[in-house]
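Inspection log for the structure reproduced underneath, given as structure tokens.
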Amino acid sequence: MNITLEQAEKAIVAAKEKSTAIDTKMNIAVVDAGANLVAFGRMDGAWLGSLDISIKKAKTARFFDMNTGIIGELSQPGQPLFNIEHSNNGLITFPGGVPIKNANGEIIGAIGVSGSSVENDHTVAEAGASAI
781 MNITLEQAEK AIVAAKEKST AIDTKMNIAV VDAGANLVAF GRMDGAWLGS LDISIKKAKT
841 ARFFDMNTGI IGELSQPGQP LFNIEHSNNG LITFPGGVPI KNANGEIIGA IGVSGSSVEN
901 DHTVAEAGAS AI
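My numbering puts the last residue of the sequence shown at 912; the count rises by one with no breaks.
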């Protein structure tokens, strides 16, 4: 199963709404089950440097089928995934990437959000993922 363009756009709309509600400007990326970019939105005034980060957060969440913040915890010194962020042409291992599941609980893609604190990034990504 893959996320459709319509679903990806729905996730971006929900993420933008949450971002506006908490007064942030975000870059929002949605990838399919193969970690290929399906949709992207850069809110007016969002940081340019966060564009690439949002895409890598989405890819990282899909590569490992877990929130990027969890991967971050597992990749600290002394933890089992230490230095994993150097694999796959660079991963992002802090919050803001969330897998997207369909109604049957199957992972069909992921969303990555960047442009504010990692807490806000995660909150906005969750809102986008929950819209599907």
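Where a beta carbon is used, it is the ideal one built from N, C-alpha and C, also for glycine. Quantities reported herein were computed from a predicted structural model and do not represent experimental measurements.
Ser894 sits in a strand when the DSSP states are folded into three classes.
Nearest in C-alpha terms to His902, of all of Lys790, Asn847, Phe820, is Asn847.
Between Ser799 and Met781, the beta carbon gap of about 27 Å keeps them out of contact (Cβ cut-off 8 Å).
In this chain, Phe843 is not harboured by any beta strand (DSSP E); it is covered by the alpha helix (DSSP H) spanning 830–844.
In terms of Cα proximity to Glu886, the closest of Ala841, Gly829, Ala813, Phe820 is Ala813.
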